[in-house]
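Using full-length UniProt numbering, read the sequence shown as starting at 1 and increasing by one per residue.
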Amino acid sequence: MTEKPLTVKIPIVMTIAGSDSGGGAGIAADLKTFAALGVHGTCAITSITAQNTTGVLEAFDLTPAAVASQIEAVCADMDVKWAKTGMLASSEIVREVAKDVRKHGLSLVIDPVMAAEAGGDLLRKEAISVLIEELLPFCKVITPNASEAGVLAGIEVKTPKDAKIAARKIAGLGVETVIVTGGHLDATDLLYEAVSDTFTRIPGTFVKGGTHGSGCTYSAAMTAFLACGKSMEVAARESKKFVVEAILKSLPAGRGVNPVNPLGATLEKKERYLVLRNLKDAVLLIEESPDFSKLIPEVGCNIGMAIPGAKSYEEVAAVEGRIVKYRIRAVPVGCVEFGASKHVSSIILSALRQNPEIRAAINVKYSEKVLAACREMKLGISSFDRAEEPENASTMDWGTAEAIKKYGSVPKVIYDRGGTGKEPMIRLLGTNAIEVAKLAVELAEKLQ
Ligand SMILES: Nc1ncnc2c1ncn2[C@@H]1O[C@H](COP(=O)(O)OP(=O)(O)OP(=O)(O)O)[C@@H](O)[C@H]1O
Ligand SMILES: Cc1ncc(COP(=O)(O)O)c(N)n1
1 MTEKPLTVKI PIVMTIAGSD SGGGAGIAAD LKTFAALGVH GTCAITSITA
51 QNTTGVLEAF DLTPAAVASQ IEAVCADMDV KWAKTGMLAS SEIVREVAKD
101 VRKHGLSLVI DPVMAAEAGG DLLRKEAISV LIEELLPFCK VITPNASEAG
151 VLAGIEVKTP KDAKIAARKI AGLGVETVIV TGGHLDATDL LYEAVSDTFT
201 RIPGTFVKGG THGSGCTYSA AMTAFLACGK SMEVAARESK KFVVEAILKS
251 LPAGRGVNPV NPLGATLEKK ERYLVLRNLK DAVLLIEESP DFSKLIPEVG
301 CNIGMAIPGA KSYEEVAAVE GRIVKYRIRA VPVGCVEFGA SKHVSSIILS
351 ALRQNPEIRA AINVKYSEKV LAACREMKLG ISSFDRAEEP ENASTMDWGT
401 AEAIKKYGSV PKVIYDRGGT GKEPMIRLLG TNAIEVAKLA VELAEKLQ
């Protein structure tokens, strides 16, 4: 019997929504979210909006036939099981989408987008009743925000208690699951499941960051998690977690409401991996050097590297327990890990604030001979004097900034001659750990 080759299937999902030329909401947010969550995203565009972070300037709706053609092209070829809707623009498009969803047997998440956060209608008023009558009964879950829930339920939604009443009313329109999102209430989402008549609070607190596209990102995440087989409650909890990270990772993009960044957390994980790999190779260079142990100070040595834009010591990796001298060799005590050294991370964070490209540092033994070797290698050198340190300052933070100020930019070498009970020290700085490790090994060889 011939064995079938093993293939890993990726869930295929679809967004039926508008395009936002500013790249923050609509299909841009949806496709980024799908990519971040490891599903294959396809799309059918309903309307092309001329939009930025300050609002919608114009919208050019596609014909229902153009929307239908996109859905047909994808579904005729690919096994799409879950889809979401965002901006549907007009009654005609709502009607067409309802027909296509039934034709292709799609399990549907509806984000009943009505207006842009920064201003601008995205669904004509007369289309609301068509949405309620013709599309709602065919969806698995709907994710209105407070004001959308209010419109659908015909009541004002200003409190979590109103959200409960609205959720039951919306379920009464023929929807199995209603999630009233709390971005404009108390940052807590309310999940209502009609079959069991149960409410589940998905708690949250307000975080700071851009929220343009948060509703699109949330409903796209729901679609992806459900397509991956998660239960409604797990999908709601995971989607909330995902959207909060996307808000926290948002970056300034325009003058209005900044867009969420659904790929921010994924990119940070990638950067963390690259830093650990670079640092591991750097430590290997040090371990393999026959001369490096001569540069290890009494307190031990450490080498660290930060992810781009690091702000805290948890974003800087270093060697757990430092690198020590054992007989004639340099030996790392533990593994490379984030948050392993407050000392070396203070140096790096202080340098990085002056020049974001400088992300690595190593501390080595001070001696006139080592300093002379640095001069011979024509490295830029600066220093600080511990006696001048202001009270309550963190030495490494202050000392590094002081040496940089004196030099006019970040030098390759920063030293201090120590103080009472404080060993003098030399630090080498650079763009990455391998670069500073190579510099340190070369310096050690020069001492021969
Ligand atoms: N500042 C915030 N802090 C924490 N969570 C938030 C914040 N803003 C929105 N959320 C979360 O984002 C998701 C989308 O909620 P929201 O109620 O803002 O939808 P929306 O109004 O449709 O979004 P949009 O801003 O795209 O119109 C929900 O999970 C909500 O709890
Ligand atoms: C094309 C499109 N779809 C959806 C939204 C809603 O997102 P937000 O309320 O965050 O502006 C939008 N602004 N544009």
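The beta-carbon is built from N, C-alpha and C at its ideal position, and this holds for glycine as well.
Near ligand 1: residue i beta-carbon under 6 Å from a heavy atom
i, result
"SER19", "no"
"GLU156", "no"
"LYS240", "yes"
"ALA265", "no"
"SER214", "yes"
"ALA246", "no"
"ASP199", "Checking the sequence, you will find Phe at residue 199 rather than Asp. No - ligand 1 has no heavy atom lying nearer than 6 Å to the Cβ of PHE199."
"ASN145", "yes"
"ALA310", "no"
"ASP121", "no"
"ALA187", "yes"
Where the beta strand (DSSP E) containing residue i begins and where it ends
i, result
"LEU37", "Per DSSP, LEU37 belongs to no beta strand (DSSP E) and is neither H nor E."
"ASN363", "360-365"
"ALA59", "55-61"
"PRO332", "329-332"
"PHE292", "No beta strand (DSSP E) holds PHE292; DSSP gives it neither H nor E."
"VAL336", "336-338"
Within 7 Å, strictly: CB atoms of residue i and residue j
i, j, result
"GLU337", "GLU314", "no"
"ARG329", "SER293", "yes"
"THR431", "GLU376", "no"
"ALA44", "ILE16", "yes"
"ARG322", "ASN363", "no"
"THR198", "TRP82", "no"
"VAL94", "ALA118", "no"
"ASN261", "LYS249", "yes"
"VAL275", "ILE296", "no"
DSSP beta-bridge partners of residue i
i, result
"TYR415", "SER383, ILE426"
"HIS104", "None; HIS104 has no bridge partner."
"MET305", "ALA317, ALA360"
"TYR326", "ARG329"
"THR205", "BP columns for THR205 are empty, so no partner."
"VAL109", "LYS84, VAL141"
"GLY41", "VAL13"
"GLU193", "THR177, THR198"
Residue i: CB within 6 Å of a non-hydrogen atom of ligand 2
i, result
"GLU117", "yes"
"GLY209", "no"
"THR49", "yes"
"GLY26", "yes"
"residue 455", "With the chain covering only 1 through 448, there is no way to say anything about residue 455."
"GLY183", "no"
"GLY22", "no"
"VAL260", "no"
"GLY204", "no"
"GLY86", "yes"
"VAL234", "no"
"VAL113", "yes"
Unbroken alpha helix (DSSP H) run spanning residue i, endpoints
i, result
"LYS84", "That residue, LYS84, is in no alpha helix (DSSP H); its beta strand (DSSP E) goes 80-85."
"THR75", "This sequence places Cys at residue 75; Thr is not what is there. Residues 64-77."
"GLU389", "GLU389 -> no alpha helix (DSSP H), and no H or E assigned at all."
"LYS249", "Per DSSP, LYS249 belongs to no alpha helix (DSSP H) and is neither H nor E."
"ILE278", "The sequence as given places Asn at residue 278; Ile does not occur at that position. Where ASN278 is concerned, the enclosing alpha helix (DSSP H) stretches over 264-288."
"LYS311", "Here LYS311 belongs to no alpha helix (DSSP H), and DSSP marks it neither H nor E."
"ASP397", "395-407"
"ARG353", "342-354"
"ALA433", "433-446"
"ARG375", "368-376"
"GLY254", "Segment: none, GLY254 is in no alpha helix (DSSP H) and carries neither H nor E."
"SER231", "That residue, SER231, is in no alpha helix (DSSP H); it is neither H nor E in DSSP."
Checklist entry - In chain order, which continuous runs of the beta strand (DSSP E) of length 3 or greater are located wholly inside the stretch 113-191? => result 177-180
Item to check | 3-residue-minimum beta strand (DSSP E) runs that sit fully inside the stretch 1-34, ordered along the chain | outcome: 12-20
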